[in-house]
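Notes follow once the structure below has been shown.
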Amino acid sequence: MRFPAPLVPLFLLFLFSLVSAQTGGTGIPPNESRTLGNPVPDVVLVDSEGKEFNLYQLKGKPVILSPIYTHCTSACPIITESLKKTVKLFGEPGKDFYVLTLTFDPKDTVEDLRKFRVEHRLGRGWKVVMVKDRSQLFKLLDAIDFRFATLPDRQFVHPNLIVFLDRDMVIRKYMYGVTFDRLEFANALRIARGEIALPEKFRGYLFLVGMLGFVGTVIFTIVRITQLRYRKKITA
Amino acid sequence: MDRAERNILTVAIGLLLFFFVLIVYAAKGLKIDLPTCVTNVQPFREGRLIQHAPDRYELHAVARMWFFDFNGGSNEIEIPAGSVVDIYLTSADVVHGMHINGTTVNLMAIPGTVNYARYRFEKPGVYHVVCHEFCGVGHQAMQGKIVVKEVER
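If you read the sequences in order, they're chains A and B.
Residues 92 to 327 in this note's numbering are what the first sequence spells out, letter by letter.
Residues 806 to 958 in this note's numbering are what the second sequence spells out, letter by letter.
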């Protein structure tokens, strides 16, 4: 059976929608095209000891930012535990890079942070923090495009991810999921250290090339089919 | 193919490409947010307006025959100008629509699912909310109100 010609562009569009569809994860995933390459704001953080410091005080080393909420009973503890396991393979938090477990629950307190830290037995270099001011918290969350929905009993629906910032506090990479692949993590850390892999440099252009190529091919196909039909008609 | 016909086809394809690139470019520049269907949020039964920060809100809106429940049964809410509102919408019965007049927010309320959009209410004033999906005999009366108050500085 011949594939009906007018359906070709539709079929291609369908394929495109499949490829570009957002997959996996929970909640609303961040729009990386808006955040990658932008610096995060210099917010005042409070750690689990109640000590205040500016985020920009950590400049000079890559930062792994892990947004969680301390009352979480599902994804957040798993994220923290698997991050602990993976981080161990690449260096010491506080020395080679910083790891910030950041609570996004506006109602979390220093006591909640301390409890979370003790429960997960996080080392000294690993900081469990909250943003001091609520408006500033949302500035930081907006910078990484992290969105959550509030559920009853202080539970939240949120995407499971970690964010890699470079030594100048610029967002460089996202990793999704509750467990972290060693190779992917190594690549992300490399990017955060400024050792950019070649394909990463051209990624922005590849999108445009792909888009133009796709549209061009669709148009070419339609024109070609129309031409063929036209010629057939004339010869008939 | 006739030469003139070929020429006009070439121009048309050129224009198509030009406009497409323009759309992509403009959409990125305007930071157009598309409504998102949140698949893993249990649809809520009651409307709630949650304030996270002075200018940060979460609106859990429930559309039902024939009113919008924005906050504990009320179809009217008040927020300060400049607020960013994360709007989550679901339906308790049939398919409804929710359009906030004067904004780009236009969502479908579908039973069993939650739709999402974010909007920053910059201008003070009254934003009327209407159902834009025929939902029964009371459809024309299904409306709500978002009052955006000027912030005193």
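Backbone N, C-alpha and C fix where the C-beta goes; we use that ideal spot for every residue, glycine too.
query, result
"A:Gln227 - containing alpha helix (DSSP H), residue span", "225-234"
"Neighbour flag for B:Arg811 against chain A, beta carbons, 7 angstroms", "no"
"Contact with chain D by A:Thr194, beta-carbon distance below 7 angstroms", "Of the protein chains in the structure, A and B, none is chain D."
"Interface residues of chain B facing A:Ser226 [CB-CB closer than 9 angstroms]", "Ala858, Pro859, Asp860, Arg861"
"Check whether B:Arg861 and A:Phe229 have beta carbons under 7 angstroms apart", "yes"
"A:Val135: contacting residues in chain B (beta-carbon distance under 7 angstroms)", "Chain B residues near A:Val135: none, gap ~14 angstroms exceeds 7 angstroms."
"Test: B:Phe873 CB closer than 7 angstroms to a CB of chain A", "no"
"Start and end residues, beta strand (DSSP E) containing B:Glu863", "861-869"
"7 angstroms Cβ cut-off: residues of chain B touching A:Met302", "Val829"
"Supposed close pair A:Phe188, A:Lys218 - CB separation, criterion 8 angstroms", "Actually they are not in contact, since the Cβ atoms of A:Phe188 and A:Lys218 sit about 12 angstroms apart, beyond 8 angstroms."
"B:Thr895 burial status per 10 Å Cβ neighbour count (16 or more: buried)", "buried"
"Under 8 angstroms (Cβ pairs) to chain A, residues found in the segment 879-900 of chain B", "Val889, Asp891, Tyr893"
"Test: A:Phe237 CB closer than 7 angstroms to a CB of chain B", "no"
"Cα-Cα separation between B:His944 and B:Ala868, rounded to whole angstroms", "11 angstroms"
"Where A:Arg238 falls, given that 16 or more other Cβ within 10 Å makes a residue buried", "buried"
"Buried/exposed call for A:Ile325, threshold 16 Cβ in 10 Å", "exposed"
"Nonlocal neighbours in the same chain, by C-beta distance under 7 angstroms from A:Glu275, ignoring five residues either side", "Met266"
"Contact check, B:Gly949 vs B:Phe873, beta carbons under 7 angstroms", "yes"
"Under 9 angstroms from the C-beta of B:Val956: neighbouring residues of chain A", "By Cβ distance, chain A contributes nothing, its closest Cβ being about 13 angstroms from B:Val956, past 9 angstroms."
"Spatial neighbours of A:Arg284 in its chain, beta-carbon cut-off 8 angstroms, leaving aside the 5 residues before and after", "Pro153, Asp257, Arg258"
"CB of A:Val222 within 7 angstroms of CB of A:Val134, strictly", "yes"
"Whole-angstrom C-beta distance between B:Glu927 and B:Gly887, which should lie under 8 angstroms", "6 angstroms"
"The segment 310-322 of chain A: positions lying closer than 7 angstroms to chain B by Cβ", "Ile310, Val314, Gln318, Tyr321"
"CB contact check: B:Val846 to chain A, cutoff 7 angstroms", "yes"
"Reduced DSSP category for B:Ser896 - H, G, I as helix; E, B as strand; rest coil", "strand"
"Status (buried if at least 16 other CB within 10 Å, exposed otherwise) for B:Val828", "The residue you asked about is not Val; residue 828 of chain B is Ile in the sequence shown. Exposed, by the Cβ-count rule."
"Of the residues A:Ala240, A:Leu232, A:Leu303, the one placed nearest A:Glu123, counting alpha carbons only", "A:Leu232"
"Span separating the alpha-carbon of A:Val364 from that of A:Pro168", "Beyond the ends of chain A as shown, which are 92 and 327, falls residue 364 of chain A; an answer cannot be given."
"Span separating the alpha-carbon of A:Thr171 from that of B:Thr908", "40 angstroms"
"Backbone secondary structure at A:Pro153 - three-state DSSP", "coil"
"Interface residues of chain A facing B:Val843 [CB-CB closer than 8 angstroms]", "Gly118, Ile119, Ala240, Val248"
"Beta-carbon separation (whole angstroms), A:Asp199 vs A:Tyr160, contact threshold 8 angstroms", "7 angstroms"
"DSSP-derived helix/strand/coil call for A:Thr114", "In this predicted model, A:Thr114 has a pLDDT of only 38, less than 50, meaning its place in the structure is not dependable; the value taken from the coordinates is given anyway. Coil at A:Thr114, not helix or strand."
"Cβ separation of B:Asn876 and B:Ile882, assumed to be a contact under 8 angstroms, to the nearest whole Å", "5 angstroms"
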